[in-house]
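These notes are about the structure you will find just below.
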Amino acid sequence: MIEPVDLGAENDERMARLREALALGGGFQLAVVQVEPGEQREEVLRRLAGWSGRNGVPPLELVRLGAGESPVMKLGGGHAGVILVGLESEGPDRAERTRQMVTELNWSRDRLPDLVRGPLVLVVSQRVQTELFEQAPDFYSWRTHSTSITPQPRRPGEALPVNWLGIEDTDPEDPDVLESMIAHTEALRPPALRELGRLYLRLASARSRRGEYAAVDAALDVAHQAYASAGTPDDRANLLLLRGEVARRRGRVDEASDWLNRARSEARSVSPTPHVVAKLQLFELLLALDREEWTAALADRLAVVAVRLDAAGRPTRADVARGYRGLVLERLGRHAEARAEWTTALAGFDTREQAEPAEYLRKLLAESDAHRD
Amino acid sequence: MTRSPIQDTLTFPAVGRREVRAACDPSRPLIPEEQGQLHEDLSIVQGGDRIGQIENRIRDAWADSYVCELVTGHAGCGKSTELLRLASELRKPREGRAYHVVYIDAYDYLNPFEVRLPQLVVSLMAALAEEPRVDLRKTRSGPKLWDQVRGLLTKAGREIGSDLAKEVPVLKSLLRVDLKFVRDFRRESSDHIQQILSLIRDLVLEVRTQLPADQSEIVFVVDNLEKIPDGETETKVSLHETLFLRELPLLDVPAHLVLTYPISLNYSAVALRQVFHDARQTTIPMVGIRQKPGLAVRGDDVQGIATLRRLLARRVRLDQVFTDEGAILGVIRESGGCVRDLLRLVGEMPTVGAIPFSSATVDAVIADYINEYERILQGKSYLPLLHTIERTGAFPGDTDPAWKQQLLLGLIVLEYDTGTWYDVHPLAKRTRAYRAASPES
Numbered sequence: 001m002i003e004p005v006d007l008g009a010e011n012d013e014r015m016a017r018l019r020e021a022l023a024l025g026g027g028f029q030l031a032v033v034q035v036e037p038g039e040q041r042e043e044v045l046r047r048l049a050g051w052s053g054r055n056g057v058p059p060l061e062l063v064r065l066g067a068g069e070s071p072v073m074k075l076g077g078g079h080a081g082v083i084l085v086g087l088e089s090e091g092p093d094r095a096e097r098t099r100q101m102v103t104e105l106n107w108s109r110d111r112l113p114d115l116v117r118g119p120l121v122l123v124v125s126q127r128v129q130t131e132l133f134e135q136a137p138d139f140y141s142w143r144t145h146s147t148s149i150t151p152q153p154r155r156p157g158e159a160l161p162v163n164w165l166g167i168e169d170t171d172p173e174d175p176d177v178l179e180s181m182i183a184h185t186e187a188l189r190p191p192a193l194r195e196l197g198r199l200y201l202r203l204a205s206a207r208s209r210r211g212e213y214a215a216v217d218a219a220l221d222v223a224h225q226a227y228a229s230a231g232t233p234d235d236r237a238n239l240l241l242l243r244g245e246v247a248r249r250r251g252r253v254d255e256a257s258d259w260l261n262r263a264r265s266e267a268r269s270v271s272p273t274p275h276v277v278a279k280l281q282l283f284e285l286l287l288a289l290d291r292e293e294w295t296a297a298l299a300d301r302l303a304v305v306a307v308r309l310d311a312a313g314r315p316t317r318a319d320v321a322r323g324y325r326g327l328v329l330e331r332l333g334r335h336a337e338a339r340a341e342w343t344t345a346l347a348g349f350d351t352r353e354q355a356e357p358a359e360y361l362r363k364l365l366a367e368s369d370a371h372r373d
Numbered sequence: 374m375t376r377s378p379i380q381d382t383l384t385f386p387a388v389g390r391r392e393v394r395a396a397c398d399p400s401r402p403l404i405p406e407e408q409g410q411l412h413e414d415l416s417i418v419q420g421g422d423r424i425g426q427i428e429n430r431i432r433d434a435w436a437d438s439y440v441c442e443l444v445t446g447h448a449g450c451g452k453s454t455e456l457l458r459l460a461s462e463l464r465k466p467r468e469g470r471a472y473h474v475v476y477i478d479a480y481d482y483l484n485p486f487e488v489r490l491p492q493l494v495v496s497l498m499a500a501l502a503e504e505p506r507v508d509l510r511k512t513r514s515g516p517k518l519w520d521q522v523r524g525l526l527t528k529a530g531r532e533i534g535s536d537l538a539k540e541v542p543v544l545k546s547l548l549r550v551d552l553k554f555v556r557d558f559r560r561e562s563s564d565h566i567q568q569i570l571s572l573i574r575d576l577v578l579e580v581r582t583q584l585p586a587d588q589s590e591i592v593f594v595v596d597n598l599e600k601i602p603d604g605e606t607e608t609k610v611s612l613h614e615t616l617f618l619r620e621l622p623l624l625d626v627p628a629h630l631v632l633t634y635p636i637s638l639n640y641s642a643v644a645l646r647q648v649f650h651d652a653r654q655t656t657i658p659m660v661g662i663r664q665k666p667g668l669a670v671r672g673d674d675v676q677g678i679a680t681l682r683r684l685l686a687r688r689v690r691l692d693q694v695f696t697d698e699g700a701i702l703g704v705i706r707e708s709g710g711c712v713r714d715l716l717r718l719v720g721e722m723p724t725v726g727a728i729p730f731s732s733a734t735v736d737a738v739i740a741d742y743i744n745e746y747e748r749i750l751q752g753k754s755y756l757p758l759l760h761t762i763e764r765t766g767a768f769p770g771d772t773d774p775a776w777k778q779q780l781l782l783g784l785i786v787l788e789y790d791t792g793t794w795y796d797v798h799p800l801a802k803r804t805r806a807y808r809a810a811s812p813e814s
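In structure tokens, the structure reads:
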């Protein structure tokens, strides 16, 4: 059972307009909703499902694209209306996969009204929307409605992409691929327990990105068992931090704080690596952000952590710290410094081709401008 | 395109909220039955009747000379609408002569990830086989070409029957859906391409003998080739350049050809006209709504705005749907002269306000689209370039070609009067990202 999420008044208004647009349409219509994966997206999907077949909105069928699936083939068979998700794709080749899917939609555009008689609602991330805009102009120019669900400004920690504090500096991974790797690894004799622990941790991180928290908990439990017998203190500290991050994502700040304390104890049982130390510090600062402690001291400490993470060879996480520091500075009215932090972090993400956090920072830059207008 | 004309279910010009939204649906290119009611001649504000000129060049072609017309344009400029109109006009007798137009939608025959000359030749053959007045079995070269193609299909791993007429649906499906098969087929064809080209040439000639004497000239209109994505071929060369600059020029059939092509090739180092023999290029531009650069004060292009107003008036009852001329003028200006954008903006108005729509409704409806441009433009390195284009109406000579493509494809920069001048989309100009990049800020 998904609990309702407060999208905020502005987003509620945008959703009301979307419903009006869907109800006013008489046949095929393309609507685009930009919302990042996570709780906000799940809330959008929940609302769309609630409108389906009511008050003039045609029935809407949720179609989730799996790994390697063709969007056009998946729409085959005829539908009264469709909510299409999954164009982001996952795994190391996700940019290429997204491009292929976008190309396919562009190419098949004229046939889509035969496949979907009513609304075709694409629920996409900023990265995919940009791809549609730049690579599929014929398809995209057919949209009859376009809206964006913006992150809630008073909950900055939650607004950031889930995986920013994941256990590995990786791009989003495909859970199906990870499960297949786990199946093969579990068959090894003697068992590779530590590797299994790592894989389950990555699986938890991937599931967390999708807001599939029951599956996250299950994966973390297995990783915990594996690390209990074969992991190092750093492994266990990382696992506890991920548990904390998941709790934080669910708005359970006190629980997250408990996980942080346990992670600290675990790390201190030996001499922790500089990376783990910096991660613990960063996590502590994020919890302070969740408690809305917008102070200059917090901004300064984030700057120090960013330097430490860079020194520990973790540029992605260092840029995450800079992103958060920008949020604090923006809140303190130090707009130019905030922009400088976001611009530096954005350059890092762009260089490493990490599209989602880069697009997120672009949005922050845009929103910061908007608030000053 | 088998849908029924929109006027069967909707009375024009529309007045009600639901009707206005339906009347301004940007995803409906006009089919021939809708042209009389809804088509507005934009030629006078698009630098001349370009489609009419194509028709004239085809009709004026002497004896056995054939024209090759290459057509492109931005998304939403009305390419498909204009090509369907061209096909419809060419089928009408004029001075005792009409044309047998074979309209080929590339989507029906090709896989976007593997479009090359052999597949295109097969699609011409399949399209001819589907023509009701044509029986390829009664030609000498039809069965011969089909045998040749069948042999290659077998080598690529698919056995297929000997009766082409019966096998066309299977053939089309294979070419569209099975990417591995299509790639294998193309590889197998490479050694036989000259033979295939020669046979299709003979076939088109023979088909013409089956047609009525006053309609014996064939025009192939191949639409949607412009949507083929660029990529790399097996030899690491651009697919667009391979297909459009090297392979398609080899297609030499005794028929007139009208082919669409990606607008990005307008900015390629190798000019299409250099490689296509006697081909003419046509780019369908946006409708000018702002005066050209060069004037001290650049006001509205009165003629362009009046034309778009007439186009809109065919669809909605302007005096009842809008509060005043200011609101109408406002929405036309925000469209940048892109017809599809104009229709989208008006079609969205019922979701933000009640009829009659005012200037405030226009502001409300453009807000979301400005945000969309905002998110796309933030942090982009080309932002200062946009100010140069806005000021001069031109791309500087040293513009990165990739930027140029991106800006034009994404409708951030619009082209007017076929390359004569450019302008930044009005909605893009309204973004903070654009304003912040101003040299004066």
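From first to last, the protein sequence lines stand for chains V and W. The numbering of the first sequence is the numbering used here, which starts it at 1 and goes up by one. The numbering of the second sequence is the numbering used here, which starts it at 374 and goes up by one. Note that the Cβ used here is the ideal one computed from N, Cα and C, for glycine as well. Predicted, not measured: the structure shown is a model, and the values here were computed from it.
| In chain W, what lies closer than 7 angstroms to V:T147 by C-beta? | D741
| field | W:L443 - partner residues in DSSP beta bridges | value | W:L632, W:Q654
| query | DSSP beta-bridge partners for V:T147? | reply | V:V33
| request: Return the Cβ separation of V:L282 and V:V305 in integer angstroms, given the expectation that the two are a contact with Cβ distance under 8 angstroms. | output: That pair is a contact at about 5 angstroms.
| message | Taking the beta carbon of W:Q419 as the centre, do at least 16 other beta carbons fall within 10 Å, making it buried, or is it exposed? | response | buried
| query | Span of the alpha helix (DSSP H) holding V:P113? | reply | 112-115
| said: Taking 7 angstroms as the threshold (C-beta atoms), are V:L105 and V:F139 in contact? | reply: yes
| Can you name the start and end residues of the alpha helix (DSSP H) that W:P516 belongs to? | Counting along the chain, the alpha helix (DSSP H) containing W:P516 begins and ends at 514-528.
| Assigned secondary structure, W:W794 (DSSP; H/G/I helix, E/B strand, else coil) | strand
| request: Please confirm if the stretch 545-561 of chain W is in contact with the stretch 438-445 of chain W, defined as three or more CB-CB distances below 8 angstroms between the two stretches. | output: Two segments are said to touch when three or more pairs of C-beta atoms, one from each, lie closer than 8 angstroms; by this definition the stretch 545-561 of chain W does not touch the stretch 438-445 of chain W.
| When you compare each of W:W519, W:F730, W:A460 to W:I591 by their alpha carbons, which one comes out closest? | W:A460
| Classification of W:H798 by the beta-carbon crowding that lies within 10 angstroms, buried from 16 upward | buried
| Beta-carbon neighbours of W:V725, restricted to chain V and to distances below 7 angstroms | R17
| query | Which whole-angstrom value describes the C-beta separation of W:I705 and W:R682, a residue pair presumed to lie in contact below a C-beta threshold of 8 angstroms? | reply | 6 angstroms
| query | In the stretch 230-298 of chain V, which residue ranges form an unbroken beta strand (DSSP E) of at least 3 residues, counting only runs that do not cross its ends? | reply | none
| query | From the beta carbon of W:Q751, is the nearest beta carbon of chain V less than 7 angstroms away? | reply | Interface annotation, W:Q751: in contact with chain V, CB-CB separation under 7 angstroms.
| query | Which residues in chain A sit within 8 angstroms of W:E721, going by Cβ to Cβ distance? | reply | Looking at the structure shown, chain A is missing, and the protein chains on hand are V and W.
| Range covered by the beta strand (DSSP E) that runs through W:E747 | Looking at the DSSP string, W:E747 is not in any beta strand (DSSP E); the run it does join, the alpha helix (DSSP H), is 732-750.
| Which partner residues does W:H590 have in the DSSP bridge list? | Here residue 590 of chain W turns out to be Glu, not His, going by the sequence shown. DSSP output for W:E590 lists W:Y472 as bridge partner(s).
| said: I'd like to check one pair, V:P71 with V:L65: are the Cβ atoms closer than 7 angstroms? | reply: yes
| For V:G244 versus V:G197, is the C-beta spacing smaller than 7 angstroms? | no
| said: Three or more C-beta pairs under 8 angstroms: does that hold for the stretch 584-603 of chain W against the stretch 634-650 of chain W? | reply: yes
| According to a CB-to-CB cut-off of less than 7 angstroms, which residues of the stretch 392-403 of chain W neighbour chain V? | R394, A395, D398, P399, S400
| task | With W:I701 as the anchor, note down where its alpha helix (DSSP H) starts and where it stops. | result | 698-708
| Can you give the Cα-Cα distance for W:Q426 and W:R467, rounded to whole angstroms? | 15 angstroms
| Can you give the beta carbon distance from W:P386 to W:R808, rounded, assuming they're within the 8 angstroms contact cut? | That pair is no contact at about 37 angstroms.
| task | Quick one: grab the DSSP three-state call for W:R467. | result | strand
| request: Round the Cβ separation of V:L122 and W:R394 to the nearest angstrom and send it over; I've been treating them as touching at under 8 angstroms. | output: Incorrect: roughly 19 angstroms between the Cβ atoms, too far for contact.
| task | Mind listing the chain V neighbours of W:G783? Cutoff is C-beta to C-beta under 7 angstroms, in chain order. | result | F133, E134, P137
| query | Taking the continuous beta strand (DSSP E) assigned at W:E788, which residues delimit it? | reply | 786-789
| Looking at C-alpha atoms only, which residue of V:P190, V:R210, V:G211, V:Y227 is the closest neighbour of V:L199? | V:Y227
| task | May I ask you to verify whether the stretch 477-496 of chain W touches the stretch 735-755 of chain W, counting CB pairs closer than 8 angstroms and requiring at least 3? | result | Touching, no, given that fewer than three Cβ pairs across the two stretches are closer than 8 angstroms.
| said: Taking 7 angstroms as the threshold (C-beta atoms), are W:V488 and W:V522 in contact? | reply: no
| task | Please list the partners that W:Q779 has in chain V, where partner means a Cβ-to-Cβ separation under 9 angstroms. | result | Those are E134, listed as they occur along chain V.
| field | Other residues of its chain near V:L22: CB distance less than 6 angstroms, five sequence neighbours each side excluded | value | V57, P119
| message | Can you confirm whether W:R682, when its beta carbon is compared against all beta carbons of chain V, has any partner nearer than 7 angstroms? | response | Closer than 7 angstroms: no.
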